[in-house]
Amino acid sequence: MTGISLPKPASKDNTSALWRFISTGGGGLLIIVLLFTAIMAIVSKQFLSTFNIFIVLREVSTAVLIGFSQMIVLAIGQMNLSVGAIGGLVVVMSGGLMEVYHWPIWAAVAAGLSIGILAGMLNGLIITRTGLNAFIVTLATASIYLGLNLGLTSAQPFYKIPAAYKAIGQARWLFVPRMSVVTVMVIILMAIFLYRMIAGRHLLAVGGNAIAAETSGIPVKRMVILSHSISGFLAAAAGMLWSAQLGSAQPMIGQTWILTSFAVPIIGGVALAGGSVSLRGTVLAAFLIAIINNALVHLQVDPYYVQFLVGMLILAAVGLNRLAQRQPGGKKGGVA
Amino acid sequence: MTEQLDHVALEVSGVSKAFPGVLALDNVSMTLRTGEIHALVGENGAGKSTLIKIITGLYQPDPGEMKMFGKPVKFSSTRAAIQAGIGVVPQERNLIPRFTVGENILLEKMPVQAGAFVDYRQINKEAQKWLDVMRLAISPGEMVADLSAAQMQLVETAKALALDSRVLLLDEPTASITTHEVTFLFSVLRDLRDQGVAILFVTHKLEEVMELCDCVTVLRDGRNVASGEKIAGLTRDQLITWMIGRPQEITELPPKQLSSEEPALELRNLSAESGTRDASFKLHRGEVLGLYGLVGAGRTELAHALIGAARITGGELLVDGKPARPKDVSTAMNKYKIGYVSENRKTEGLILSHSILFNVSITIWKRIARLFGWVRSAEERSVVLDNVSKLDVRTPSLEQRVMNLSGGNQQKVSIAKWLAAKADILIFDEPTIGIDIKTKYALHDLIWDLAAQGKAVLLISSDMPEMIRLADRVLVMKANRIIDELPNSHDYDQMSQRIMQDLA
Numbered sequence: 002m003t004g005i006s007l008p009k010p011a012s013k014d015n016t017s018a019l020w021r022f023i024s025t026g027g028g029g030l031l032i033i034v035l036l037f038t039a040i041m042a043i044v045s046k047q048f049l050s051t052f053n054i055f056i057v058l059r060e061v062s063t064a065v066l067i068g069f070s071q072m073i074v075l076a077i078g079q080m081n082l083s084v085g086a087i088g089g090l091v092v093v094m095s096g097g098l099m100e101v102y103h104w105p106i107w108a109a110v111a112a113g114l115s116i117g118i119l120a121g122m123l124n125g126l127i128i129t130r131t132g133l134n135a136f137i138v139t140l141a142t143a144s145i146y147l148g149l150n151l152g153l154t155s156a157q158p159f160y161k162i163p164a165a166y167k168a169i170g171q172a173r174w175l176f177v178p179r180m181s182v183v184t185v186m187v188i189i190l191m192a193i194f195l196y197r198m199i200a201g202r203h204l205l206a207v208g209g210n211a212i213a214a215e216t217s218g219i220p221v222k223r224m225v226i227l228s229h230s231i232s233g234f235l236a237a238a239a240g241m242l243w244s245a246q247l248g249s250a251q252p253m254i255g256q257t258w259i260l261t262s263f264a265v266p267i268i269g270g271v272a273l274a275g276g277s278v279s280l281r282g283t284v285l286a287a288f289l290i291a292i293i294n295n296a297l298v299h300l301q302v303d304p305y306y307v308q309f310l311v312g313m314l315i316l317a318a319v320g321l322n323r324l325a326q327r328q329p330g331g332k333k334g335g336v337a
Numbered sequence: 288m289t290e291q292l293d294h295v296a297l298e299v300s301g302v303s304k305a306f307p308g309v310l311a312l313d314n315v316s317m318t319l320r321t322g323e324i325h326a327l328v329g330e331n332g333a334g335k336s337t338l339i340k341i342i343t344g345l346y347q348p349d350p351g352e353m354k355m356f357g358k359p360v361k362f363s364s365t366r367a368a369i370q371a372g373i374g375v376v377p378q379e380r381n382l383i384p385r386f387t388v389g390e391n392i393l394l395e396k397m398p399v400q401a402g403a404f405v406d407y408r409q410i411n412k413e414a415q416k417w418l419d420v421m422r423l424a425i426s427p428g429e430m431v432a433d434l435s436a437a438q439m440q441l442v443e444t445a446k447a448l449a450l451d452s453r454v455l456l457l458d459e460p461t462a463s464i465t466t467h468e469v470t471f472l473f474s475v476l477r478d479l480r481d482q483g484v485a486i487l488f489v490t491h492k493l494e495e496v497m498e499l500c501d502c503v504t505v506l507r508d509g510r511n512v513a514s515g516e517k518i519a520g521l522t523r524d525q526l527i528t529w530m531i532g533r534p535q536e537i538t539e540l541p542p543k544q545l546s547s548e549e550p551a552l553e554l555r556n557l558s559a560e561s562g563t564r565d566a567s568f569k570l571h572r573g574e575v576l577g578l579y580g581l582v583g584a585g586r587t588e589l590a591h592a593l594i595g596a597a598r599i600t601g602g603e604l605l606v607d608g609k610p611a612r613p614k615d616v617s618t619a620m621n622k623y624k625i626g627y628v629s630e631n632r633k634t635e636g637l638i639l640s641h642s643i644l645f646n647v648s649i650t651i652w653k654r655i656a657r658l659f660g661w662v663r664s665a666e667e668r669s670v671v672l673d674n675v676s677k678l679d680v681r682t683p684s685l686e687q688r689v690m691n692l693s694g695g696n697q698q699k700v701s702i703a704k705w706l707a708a709k710a711d712i713l714i715f716d717e718p719t720i721g722i723d724i725k726t727k728y729a730l731h732d733l734i735w736d737l738a739a740q741g742k743a744v745l746l747i748s749s750d751m752p753e754m755i756r757l758a759d760r761v762l763v764m765k766a767n768r769i770i771d772e773l774p775n776s777h778d779y780d781q782m783s784q785r786i787m788q789d790l791a
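Residue numbers (the numbering used here), protein chains in the order written: chain A, 2 to 337; chain B, 288 to 791.
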């Protein structure tokens with residue numbers, strides 16, 4: 002009996018976490034990031050100054066967290082429109098605890114992270130209990146979280162933030178922002194979680210094929226709740242770093258995140274349909290967004306046109322990335 | 288050996304299931320023994336799917352009971368059935384594309400390391416064991432997304448077995464794989480049977496029942512017509528009579544006239560981006576030209592080049608003797624009158640949630656549109672009704688949603704779409720896949736009639752009896768090339784042998 006003609010076994014090993022981090026997604030992004038950097042280095046003398054690199058890396062640090070916060074929900078094929086609202090709520094709550102109630106920094110941070118997890122968990126619970134679409138649920142909770150934030154603070158920021166807290170966001174070693182330590186740790190933990198841990202694999206399995214996951218005994222609903230909880234946790238972390246960087250707990254933090262939160266993972270190659278994430282791509286995309294924002298400052302673009310140009314550049318970046326992926330060895334286009 | 292044959296693995300007795308307005312199953316019984324392959328057959332709507340859903344825990348029987356290895360069981364969920372040892376290979380692929388083969392096989396019980404971490408070394412080791420059982424030469428570390436349809440089918444079977452299933456249920460496992468691969472799958476299933484697995488094999492294809500199975504249960508209108516009859520001693524005709532309730536009448540296809548004019552479609556060394564290399568053939572009006580090949584031979588890819596869905600990179604394409612270059616599907620349809628009835632009618636051919644009217648009229652809006660794209664609905668209706676009734680689509684109204692139609696009627700709607708578009712050259716890609724016998728022959732008649740009326744038909748099929756019944760000539764395709772052209776003698780044994788020789 003002859004077997005069916007089968008292609009030769011792949012020589013590459015798809016299973017090491019490190020290999021997956023390096024190989025999955027990203028595509029031509031690295032080239033685009035280097036290209037943007039090169040152009041900016043030529044156009045503006047200050048672009049590669051120690052201080053400016055610090056500024057860019059600081060923005061990358063928060064953009065990665067905001068991007069991951071959305072990515073972990075995209076991974077199960079859903080969306081979280083309340084990323085920014087959770088970030089904002091956490092900022093004012095932890096800020097308030099420090100200024101009004103004089104909580105120590107560690108306690109306020111722990112409380113902030115818990116609030117983020119709870120807010121995300123609530124999203125997940127509503128989605129799994131009601132069967133409503135994540136889009137509409139998080140659209141509503143975004144308004145709820147923002148409303149709570151504004152109601153509690155009457156839109157007034159907390160300014161009396163401990164100096165040690167501000168230092169997390171403002172101190173640096175040469176061009177390396179201190180807060181990037183947090184981001185690097187999160188990247189490593191996410192890689193281990195998604196590629197090596199049972200829970201992470203289960204979460205991706207739900208995004209890849211919910212029916213197959215269900216019949217294989219994976220608790221689909223619990224994975225949905227877990228994914229939203231992680232999203233809330235990451236949004237909380239991003240919010241607190243942001244306020245440390247500003248040096249005050251602004252209620253409006255998070256209002257501008259919606260674009261970043263989607264642009265970073267999507268430029269990074271994360272599938273909207275779920276099941277496939279790219280950590281490397283997402284990190285690179287955060288670099289790209291940070292560089293674009295920074296470049297517009299250096300080029301002294303009319304501030305009223307910044308939003309317009311950011312949109313245009315993101316579109317261009319997505320297009321370039323797609324083009325790069327189509328090149329040698331890429332999958333053919335056309336009818337699937 | 289005889290002892291083992293008497294070993295009852297799964298016993299279904301007196302099972303009924305009612306849905307509002309219908310009694311889907313009426314007192315059905317079936318006994319599945321270890322070491323045997325048991326066929327479950329029946330026309331669409333006979334109750335097969337309902338019975339499968341009860342066995343796999345998706346539905347609970349109203350009255351009726353099930354026993355596994357002598358012990359009464361009640362499955363409250365799919366999970367419960369799986370845990371009791373029922374391995375299911377569903378009809379739809381149910382793997383996670385971005386996971387490795389090994390992870391998919393062991394998804395149910397991923398080997399754990401230090402409490403929370405995936406033990407990939409153990410996964411690969413265990414998965415390899417099951418891949419060996421399936422005689423699959425792929426590495427457990429390979430991505431499922433990179434596999435062929437047949438490989439996925441076998442991985443899915445390995446996944447079901449990895450749960451230490453004593454009962455293996457395969458639902459239409461050959462629907463998306465070809466003869467050659469079917470032979471391989473069958474040899475694997477026979478091995479499993481000899482190792483003591485009880486196999487329930489659900490199919491439409493009687494050839495498979497006769498070739499592979501030891502006994503058969505037939506359902507018709509929700510009732511047992513036969514329960515566990517031995518295949519040895521049964522004839523195909525007897526099976527058909529059971530299934531459709533009367534002997535089958537295969538109408539002789541009437542003779543038809545091949546046009547002697549210029550070919551409607553001619554390819555000269557055509558190559559395309561989709562992979563096609565140096566394809567040459569002529570297709571005349573009134574002719575059914577068969578295109579046979581295994582999955583992955585590049586038949587659909589060739590069709591895509593003809594309808595402008597893949598760029599032509601070399602050679603010539605002539606429609607009615609004139610050079611043609613369909614740059615997109617719209618040009619292929621409107622200018623060259625080429626229509627393509629897709630093999631994936633549910634995903635590519637039709638918009639399931641829309642009405643028949645909408646689905647058929649898609650292709651004609653452009654033609655009947657007035658100023659500013661105004662479409663007169665009376666005109667739209669009349670064109671659609673004309674074509675839908677020509678094909679005898681059974682439906683209460685044109686407003687009926689396509690998802691509520693049977694597979695055969697859905698296929699007719701996708702054909703009606705192209706007739707409405709006034710297509711002269713029709714490409715049928717696996718037109719009867721997943722369609723029951725009764726409807727299958729009706730579709731054969733339909734395709735034949737269309738050719739007799741002067742359409743030029745290119746028939747892509749991996750269903751050998753279908754090919755030999757319908758085609759005037761058969762092109763054999765392998766690795767994106769047309770490797771042979773055979774006149775059809777309509778002698779099944781001779782033709783199938785010649786074709787398989789070509790492909791070997």
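Using N, Cα and C, we set each Cβ at its ideal position, and we do this for glycine too.
Residues near residue i in its chain [Cβ-Cβ closer than 7 Å; skip 5 each side]
i: A/M122; result: I226, H229, S230 and G233
i: B/D433; result: none
i: A/L90; result: I116, A120, Y146, L149 and N150
Distance, residue j Cα to residue i Cα
i: A/V278; j: A/A237; result: 21 Å
i: A/L36; j: A/L314; result: 13 Å
i: B/E330; j: B/G694; result: 12 Å
i: A/Y196; j: A/R202; result: 6 Å
i: A/G270; j: A/G320; result: 12 Å
i: A/G125; j: B/M620; result: 47 Å
i: B/S776; j: B/K416; result: 46 Å
i: B/F471; j: B/Q347; result: 35 Å
i: B/P683; j: B/T726; result: 18 Å
i: A/I87; j: A/L190; result: 21 Å
Beta-carbon gap between residue i and residue j smaller than 8 Å
i: B/R598; j: B/A559; result: yes
i: B/L312; j: B/G515; result: no
i: B/A708; j: B/G573; result: no
i: A/P266; j: A/M80; result: no
i: B/I341; j: B/K304; result: yes
i: B/I734; j: B/P752; result: no
i: B/L557; j: B/L745; result: no
i: B/V376; j: B/A447; result: yes
Where residue i sits in the DSSP three-state scheme
i: B/I724; result: helix
i: B/H294; result: coil
i: B/H591; result: helix
i: A/L194; result: Residue identity check: residue 194 of chain A is Phe in the sequence provided, not Leu. Three-state result, A/F194: helix.
i: B/V431; result: helix
i: A/P266; result: helix
i: B/E323; result: coil
i: B/A436; result: helix
i: A/G125; result: helix
Close-in-space but distant-in-sequence residues of the same chain around residue i (CB under 6 Å, 5 per side omitted)
i: B/Q378; result: D458 and E459
i: B/H591; result: S561 and A597
i: A/T25; result: For A/T25, the pLDDT reaches just 49, beneath the cut-off of 50, and the residue's location in the model is therefore unreliable, although a value from the coordinates is still provided. Contacts found: S279.
i: A/G330; result: Low local confidence applies: a pLDDT of 38 at A/G330 is under 50, so the model's placement there is unreliable, with the coordinate-based value given in what follows. For A/G330, where only same-chain residues beyond five positions count, there are no Cβ hits under 6 Å.
Residues near residue i by beta carbon distance below 8 Å, same chain, minus five either side
i: A/A213; result: A206
| query | When you check each C-beta in the region 182-196 of chain A against every C-beta of chain B, which residues fall closer than 9 Å? | reply | Residues I193 and Y196.
| task | Name, going along the chain, the residues of the region 367-381 of chain B whose beta-carbon falls closer than 9 Å to a beta-carbon of chain A. | result | Residues I369, Q370, V375, P377, E379, R380 and N381.
| request: Identify each residue in the region 214-245 of chain A for which the Cβ-Cβ distance to at least one residue of chain B is less than 9 Å, and report them in chain order. | output: Hits within the stretch, in order: A214, E215, T216, S217, G218 and I219.
| Just by C-beta distance, which residues in the region 262-284 of chain A are closer than 8 Å to chain B? | Per Cβ criterion, the list reads G276 and S277.
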